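The structure appears right after this line, and notes come after that.
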Amino acid sequence: MGAAVAAAALVAGPFVPAAQAQQQGGTVLRVALVQEIDHLNPFLASFASSTMVGRMTWEFLTLPSAEDNTPAPGLAESWSTSPDKLTWTYRIRDGVKWSDGQPVTAKDAAYTFTRIMTDENAQEANGTYVENFESVTATDDRTLVIKTKTPQASMTALDVPIVPEHIWANQPNMTDPATDSVPVVGVGDGPFLITEYRPNELVRLKANPDYWRGRAKIDELQFISYKNSEAAVNALKNNEVDFVNRLTSTQFDTLKNAEGVTTNQAIGRRYREIIVNHGAQTQSRQPIGDGNPVLKDVRVRQAIARALDPQTLVDKVLGGYGQTGGGIVPASFPAYHWEPTANERYTFDPAAANAQLDQAGYPRGADGTRIGPDGKPIELRLLGRASEDFAQRASDYVISWLGAIGIKAIKQLVSDNEVDERTNNGTYDLAFSGWGTSPDPDYILSKQTCAALPAVAGSSSSTAFFCDPEFDRLYAAESTEFDPAKRADFVKQAQARYYSQVPSIVLDYDNVLEAYRSDNFASFTKQPAGTGQIMEQSGYWGFYGATPAEGGSTASGGLSGGAWIAVGAGVLVVLVIAGTAAGRRRKSADDQE
Amino acid sequence: MTNALSTAAAELDEPRRGTGTARFLLGKLGGAIGSLLLVVALGFLLFRMIPGDPVTTLTRDRPTSPEQLAQLRARLGVDQPLFQQFLDYLGGLLRGDLGTSYGYNRPVSALIGERLGPTLLLVGTATVLAVALGLWLGVRAAWRRGSLFDRTHTGIALTLWSMPQFWLGLLLLIATQGVFPSGGMRSPDTPPEFFPQLLDVAHHLVLPCVTLLAVIYAQYMLVMRSSLLGEMNAEYLTTARAKGLREDLVRRRHAVPNALLPTVTLVFLQFGLVVSGTVTVETVFSWPGLGLLTYEALRVPDLPLLQGVFVVMAGSVIVMNLIAEVLYRVLDPRVRAQ
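Rendered as structure tokens:
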């Protein structure tokens, strides 16, 4: 039977058009999903692809605008704070309905936040947003009041999907797999609603006809799983999908010339860095790990920063698709992004780096390697993920640059897991790392404060074990400052302080590389306008704003004529094979010895 | 092939039971259970030697208090001594409980059960085709040893056998340019009726199946070829020819059935290995089977899931081994006589 099916398929294959995917009478946007989905349950979803599906389904109180990432109204049409900045009042939009017909009220929002605050299992994805909350109450159907313990400037950037209470209150156990099923996650109020979920194959969403901003211009949105990005690129070329992201520079360059395909190069939201183990410690200031003590000297760290040439890494390793860095808030958020002045910048200058190390008292030994205070040659372990192309190729450059200033670096490319374990435990000297950021800078800055140091060795939280009173002061000032201009100023000062202390060296902000079928879709909304990305936005603007192209493919569903011919051919082949075999048997049966 | 099996079965019709067979079966079964236990123990230890604490892997990028970590350790049972953990694991295994996946938060057995079907479909189809193709080519090549046919096909088979599956898969994907789907097992919008679904799955099956087939048929062909070559000078063939039988009958009814033995056992021996070898093919074509599950589990890494997949895959090799050994005895009277 297996052989028969395969034989039919082998024959049938060539006749079946590959792009028979479009459904009858509607526009379908098919998106290749290279990253997997961990959960659809918005309380647990932490992978970028899963949170993206959540953004489509459940509206937020407020969300970063498509134009410039400033807070825009969502479920909350307006908001205000008390004079002491501890009480926030949100006015919930009137007339918004869940897809099952129930009205969306302030009680749903209060329920969502309270559930995260009180149910430990519900904190997995968005627990950090409510840490500073005192209480959340709905005083009436349209008024939501949130009291915070200390003033919190990020209250218009709560990236928390608001879910319907009447559905989720029936789910006592957040980790129950049923919370990922369509009957639960299918009830939403966002621009799209989840209608089908086949793990590792497909998430299907349909346009929400009652969406308060208006129905999307497309009828259906499909996220189709591809485990291999080459296959995803191939699928785009063959018109099996309409959108692909997370492309490599090589893939991007080939797609630039592909017919019917348009590429989008955007400034990313991630920064790449080399973290420097300058004395890993716990919250109680217990030293952990075995970092080289020479890195405690800020002059050594600065010299290392001067010895590296990030521009070469961007050009040679990233194929030019990146932008060299300054502060830890990427250039895609210009309001908070900070760049060092010409004087402050550690420009690539091996001579200056050498001079700084000479001055600091690290003489070169017989073989040219500098001698540390302990009398031994300075040797640093450079940790990277073996799975990551960037670490593999960049490490050779970094080793030669450090060699030029008399520091011997040893390449240690290991599994992702071992990198996590060793960076958590402080058993490294230098390590390739990186972090994705959101439009509000509060979270990424908070990761660099003393409070983010691990409670015990091995528990993750801090990125570079940075703990600096001056940085903490600027962070505190930023997170309680409500005047946007003043707040931005504190954010920049904090980044300048970070930069001067070199707990890590920001190498670049990678470009986001995406491509779409421009013969099917005319345009998408970018965030920020003009230069931004389409798929992994902090918002749903990209796909919500998708505009079908004139005469784009809206092929009919069902089996095409070619497919039926193919079926016939397949059946015929099987019959012929079976007939021949039977005939032969009879012949040999006649021919008895 | 069917002829050969029925010939062998016909010889079995005569009851020839005895303590020998029972002891043989018991011995083999015991051996298989022993290997299985060893595999379980090895798998258990192996996945505990992977660097990285499962709890910190799970809490990656999230601030966690020591209390939360301790709670999580207790929930996952990794706070117990290693030996106790092993006993618990063994106890669960006997009840068919392979533990709970960290990444999916679902029973490992359910996850594996879901993925087994697609993998068996892929491996089964590829194996059936590879056996048919390999045996046919092997017989032809041996019968016309040294001919152009023999040299060409041996060359092609050896080349394909030594090709990396990943590379071959990508090559096929790009070469066929849009004729077959680039990935997955089903299209999103195929009508739910049986026949369109069947056709859709078959269409998706072509490329992964051909890739797998191209790599595995070579050994069936080569074994069949060499084993038939070994039979070709045997005297019973001369006898058969002397009886005046046509040449193709001599080949089909006398030489091939005798030469088939090593190949039949090889099919069973290989089947288990092919199941575990689908990781690359399934990853290239996003085929939602066991291989892909392994790949995903490795990336987290999801220890209970990895362990479960490991036990199932190793188990399939052991079971197939057992079947091959028993089958060999059934098919070949010489082995039975020993």
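Just so you know, the protein sequences line up as chains A and B, in that order.
All the letters of the first sequence, read from the start, carry residue numbers 0 to 592 under numbering that gives the first Met the number 0.
All the letters of the second sequence, read from the start, carry residue numbers 0 to 337 under numbering that gives the first Met the number 0.
For glycine and all other residues, C-beta sits at the position ideal for the given N, C-alpha and C.
On a predicted model such as this, the values are computed, not experimentally measured, just so you know.
Check: Where do the ends of the alpha helix (DSSP H) carrying Gly90 of chain B lie?
Finding: 81–93 is the span of the alpha helix (DSSP H), which, as asked, contains Gly90 of chain B.
Checklist line | Contact belief for Gly321 of chain A with Val328 of chain A at Cβ below 8 Å, rounded distance in angstroms | finding: Here Gly321 of chain A is actually not in contact with Val328 of chain A; their C-beta atoms are around 16 Å apart, not less than 8 Å.
Item checked: DSSP state of Trp286 of chain B mapped onto helix, strand, coil -> Trp286 of chain B sits in coil when the DSSP states are folded into three classes, being neither helix nor strand.
Margin query: Assuming Leu671 of chain A is part of the alpha helix (DSSP H), what are its boundary residues?
Written below: For chain A, the structure presents residues 0 to 592; residue 671 of chain A sits outside this window and is missing.
Next item on the list: Taking only the alpha-carbon atoms, compute the straight-line gap between Val232 of chain A and Leu169 of chain B and give it to the nearest angstrom.
Entry: Our two residues, Val232 of chain A and Leu169 of chain B, have alpha carbons roughly 11 Å apart in a direct line.
Check: What is the DSSP secondary structure of Glu513 of chain A, reduced to helix, strand or coil?
Finding: Of the three classes helix, strand and coil, the one that applies to Glu513 of chain A here is strand, per DSSP.
Check: Is it true that the CB of Asn207 of chain A sits closer than 8 Å to the CB of Gly189 of chain A?
Finding: For Gly189 of chain A and Asn207 of chain A, yes; Cβs fall inside 8 Å.
Margin query: Helix, strand or coil, according to DSSP, for Phe481 of chain A in the structure here?
Written below: In this structure, Phe481 of chain A counts as coil in the three-state DSSP scheme.
Next item on the list: Could you spell out the range, first to last residue, of the alpha helix (DSSP H) harbouring Asp199 of chain B?
Entry: It spans 193–230 - the alpha helix (DSSP H) in which Asp199 of chain B sits, taken as one unbroken run.
Next item on the list: Compute the Euclidean distance between the alpha carbons of Leu343 of chain B and Gly288 of chain B, then round it to the nearest angstrom.
Entry: Coverage of chain B is limited to positions 0 through 337, which leaves residue 343 of chain B absent and any answer about it impossible.
Check: Can you check whether the CB of Ile398 of chain A is closer than 8 Å to the CB of Leu356 of chain A?
Finding: Against a cut-off of 8 Å, the Cβ pair of Ile398 of chain A and Leu356 of chain A comes out as no contact.
Next item on the list: Starting from the N-terminal side, write out each stretch of the beta strand (DSSP E) that is 3 residues or longer and does not extend beyond the region 51–76 of chain A.
Entry: Within the region 51–76 of chain A, the complete beta strand (DSSP E) runs of at least 3 residues are 61–63, 70–72.
Checklist line | Straight-line Cα distance separating Ala548 of chain A from Ala265 of chain A | finding: Taking the straight line from one Cα to the other gives about 22 Å.
Notebook entry, point to check: Does the count of Cβ pairs from the region 95–114 of chain B and the region 175–188 of chain B closer than 8 Å reach three?
Noted result: Counting Cβ pairs under 8 Å, fewer than three are found: no touch.
Checklist line | Same chain only: Cβ atoms within 7 Å of Ala306 of chain A, ignoring 5 sequence neighbours per side | finding: Same-chain partners within the cutoff: Pro349, Ala352, Trp400, Leu401, Ala403, Ile404.
Check: the region 199–228 of chain A: which residues have C-beta closer than 7 Å to a C-beta of chain B, in chain order?
Finding: Answer set for the region 199–228 of chain A: Asn199, Glu200, Leu201, Arg203, Gln221, Ile223, Ser224, Tyr225, Lys226, Asn227.
Note to self: Can you tell me whether Arg269 of chain A is helix, strand or coil according to DSSP?
What the structure shows: Secondary structure at Arg269 of chain A: strand, using DSSP grouped into helix, strand and coil.
Notebook entry, point to check: Are the region 485–495 of chain A and the region 224–244 of chain A touching by the rule of at least three beta carbon pairs closer than 8 Å?
Noted result: The region 485–495 of chain A, when compared against the region 224–244 of chain A, does not touch it at the 8 Å Cβ threshold.
Check: What's the gap between the Cα of Thr104 of chain A and the Cα of Gly112 of chain B?
Finding: Near 42 Å, if we compare the C-alpha coordinates of Gly112 of chain B and Thr104 of chain A.
Margin query: The beta strand (DSSP E) that contains Gln411 of chain A, what's its start and end?
Written below: Note, Gln411 of chain A: beta strand (DSSP E), 407–413.
Item checked: Neighbourhood of Trp599 of chain A by C-beta, 6 Å cutoff - its chain only, sequence neighbours within 5 removed -> Summary: the structure shown does not reach residue 599 of chain A, with chain A confined to residues 0 through 592, and so no result is reported for it.
Check: The alpha helix (DSSP H) spanning Leu235 of chain A covers which residue range?
Finding: Taken as a continuous stretch (DSSP letters only), the alpha helix (DSSP H) holding Leu235 of chain A covers 228–236.
Next item on the list: Report yes if the C-beta distance between Trp337 of chain A and Ala495 of chain A is below 8 Å; otherwise report no.
Entry: Yes, Cβ-Cβ distance for Trp337 of chain A and Ala495 of chain A is below 8 Å.
Next item on the list: Taking a Cβ distance cut-off of 7 Å, strictly less, list which residues of the region 505–517 of chain A are near chain B, in chain order.
Entry: The residues in question: there are none.
Check: Cβ atoms of Leu201 of chain A and Gln221 of chain A: under 8 Å apart, would you say?
Finding: The answer is yes: Cβ separation under 8 Å.
Check: How many angstroms separate the CA atom of Thr238 of chain B from the CA atom of Arg245 of chain B?
Finding: So the alpha carbons of these two residues sit roughly 12 Å apart.
Check: Just by C-beta distance, which residues in the region 262–282 of chain B are closer than 7 Å to chain A?
Finding: Going along the region 262–282 of chain B in chain order, one finds Thr282 with a Cβ nearer than 7 Å to chain A.
Next item on the list: Could you check which residue in A:Pro150, A:Tyr270, A:Asp252 has the C-alpha nearest to that of Trp87 of chain A?
Entry: With distances taken between Cα atoms, Trp87 of chain A lies closest to A:Pro150.
Next item on the list: State yes or no: is the beta carbon of Thr56 of chain A nearer than 8 Å to at least one beta carbon in chain B?
Entry: No, Thr56 of chain A does not count as interfacial toward chain B.
Notebook entry, point to check: For His47 of chain B, which residues from the same chain have a beta carbon less than 6 Å from its beta carbon, with the 5 sequence-adjacent residues on both sides left out?
Noted result: First, the amino acid is wrong: residue 47 of chain B is Arg here, not His. None.
Next item on the list: Give the DSSP-derived three-state secondary structure of Asp654 of chain A in the structure shown.
Entry: Since the first residue shown for chain A is 0 and the last is 592, residue 654 of chain A is missing from the structure and cannot be characterised.
Checklist line | heavy atom of the ligand ATP below 7 Å from Arg369 of chain A C-beta | finding: The model depicted lacks the ligand ATP and carries no ligand whatsoever.
Margin query: Within 8 Å of any Cβ in chain A, is that where the Cβ of Gly102 of chain B sits?
Written below: A Cβ of chain A is located within less than 8 Å of the beta carbon of Gly102 of chain B.
Checklist line | Proximity to Glu324 of chain B [Cα-Cα], best of B:Phe148, B:Pro261, B:Leu71 | finding: Nearest of B:Phe148, B:Pro261, B:Leu71 to Glu324 of chain B, Cα basis: B:Pro261.
Item checked: Sufficient close CB pairs (3 or more, under 8 Å) joining the region 269–279 of chain B to the region 289–305 of chain B -> Inter-segment contact for the region 269–279 of chain B and the region 289–305 of chain B is present: three or more beta-carbon pairs are separated by less than 8 Å.
Next item on the list: Would you mind reading off the limits of the alpha helix (DSSP H) that contains Ile155 of chain B?
Entry: Residues 147–160.
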